[in-house]
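Peer 1: Numbering (my numbering), first residue to last: 21 to 297. Please see the structure below; I have some questions.
Shown next as structure tokens:
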């Protein structure tokens, strides 16, 4: 379940990127220090026990919101993992402001994507196979006015093998890049930094090519990231700074010291501000 940009996302830290060439602006520095204080959380920091997902208590709702504000993500665990209706996801999201859903090409009729291995006609989409997904944020291929700011990933049953989620807060990636070289984030904030080509099936264009920045700052001051680590069907702007920035992002994602690993059990889920996963 994912939520496009016409609905406020969960609370997260805001900042002013500033116009200076140095990362020393007061607003950026305060934001950076706050994010880094909460870097590299453990699962225990994120876990919220939920008695009834259809009716969150005030304390449960506050705990989820606080975790998303501090870490950009939360992990919930419902008391009865036997509850498997999709209405659970709709109800949980609705209580947290996630009510306008993004219906991708393989989503169910209710706009929830039931990710499991299944046969597909036409283009083969990796989430519905037993292949591992590369690093991405959801909706990186969407139009810029249809960006996804928050998602819920609910586990009905764990994978027999694999199934490990790897999570990384985009704020930490932005900070690492900016501290290394301000030109890196400038390159990734360019309007043509990353282009997704047309999605064509049987000669028909299902989705037109989409160019846009990797990092952007929303009007409310919150950082947003659109990214895919796919080797194919991604066109990066051809500049030295862009190439260096992309290489550094891959290094950051490959370093387990930066990554939170979560193997969800039945009845657990991740709710987040569309962090890298």
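Where a beta carbon is used, it is the ideal one built from N, C-alpha and C, also for glycine.
Since residue 118 and residue 93 are thought to touch, with beta carbons under 8 Å apart, how far apart are those beta carbons, to the nearest angstrom?
Peer 2: The pair is not a contact, with the Cβ atoms about 14 Å apart (cut-off 8 Å).
Peer 1: For a minimum of 3 consecutive residues, which ranges assigned as the beta strand (DSSP E) are wholly contained in the stretch 147-221?
Peer 2: Taking only runs of at least 3 residues, the beta strand (DSSP E) segments lying wholly in the stretch 147-221 are 168-174, 184-187, 214-216 and 219-221.
Peer 1: For residue 84, report the span of its alpha helix (DSSP H) as first-last.
Peer 2: Per DSSP, the unbroken alpha helix (DSSP H) holding residue 84 starts and ends at 78-91.
Peer 1: Between which two residues does the beta strand (DSSP E) holding residue 227 run?
Peer 2: Residues 224-227.
Peer 1: Starting from residue 103 and walking both ways along the beta strand (DSSP E), at which residues does that stretch end?
Peer 2: It is not in any beta strand (DSSP E) - residue 103 carries neither H nor E in the DSSP assignment.
Peer 1: Out of 258, 253 and 106, which has the shortest C-alpha to C-alpha gap to residue 213?
Peer 2: It is 258 whose Cα lies nearest to the Cα of residue 213.
Peer 1: Consult DSSP for residue 117 and reduce its assignment to one of helix, strand or coil.
Peer 2: coil
Peer 1: According to DSSP, is residue 97 part of a helix, a strand, or is it coil?
Peer 2: strand
Peer 1: Can you tell me where the beta strand (DSSP E) with residue 244 in it begins and where it stops?
Peer 2: 243-245
Peer 1: For residue 274, tell me which candidate among 297, 215 and 286 has the shortest Cα-Cα distance.
Peer 2: 297
Peer 1: To which residues of the same chain is residue 74 closer than 6 Å at the C-beta, ignoring the five residues directly before and after it?
Peer 2: Here the set comprises 111.
Peer 1: With distances taken Cα to Cα, identify the nearest neighbour of residue 289 among 265, 86 and 185.
Peer 2: 185
Peer 1: Please report the straight-line C-alpha distance between residue 278 and residue 114, rounded to a whole angstrom.
Peer 2: 31 Å
Peer 1: Please state whether DSSP places residue 282 in a helix, a strand or coil.
Peer 2: strand
Peer 1: Give me the DSSP bridge partner(s) of residue 67.
Peer 2: 95
Peer 1: Taking the straight line between their C-alpha atoms, what separation do you get for residue 200 and residue 55?
Peer 2: 17 Å
Peer 1: Alpha carbon to alpha carbon, how far is residue 162 from residue 239?
Peer 2: 19 Å
Peer 1: On the three-pair Cβ rule with 8 Å, is the stretch 251-270 touching the stretch 169-187?
Peer 2: Touching, no, given that fewer than three Cβ pairs across the two stretches are closer than 8 Å.
Peer 1: Starting from the Cα of residue 12, find the closest Cα among 228, 181 and 191 and give me that residue.
Peer 2: The chain is shown from 21 up to 297; residue 12 falls before or after that span and cannot be answered.
Peer 1: Give the straight-line distance between the Cα atoms of residue 294 and residue 53, rounded to the nearest whole angstrom.
Peer 2: If you take the alpha carbons of residue 294 and residue 53, they lie about 21 Å apart.
Peer 1: By Cβ distance, which residues of its chain are closer than 8 Å to residue 195, with the 5 residues on each side in sequence left out?
Peer 2: 52, 55 and 56
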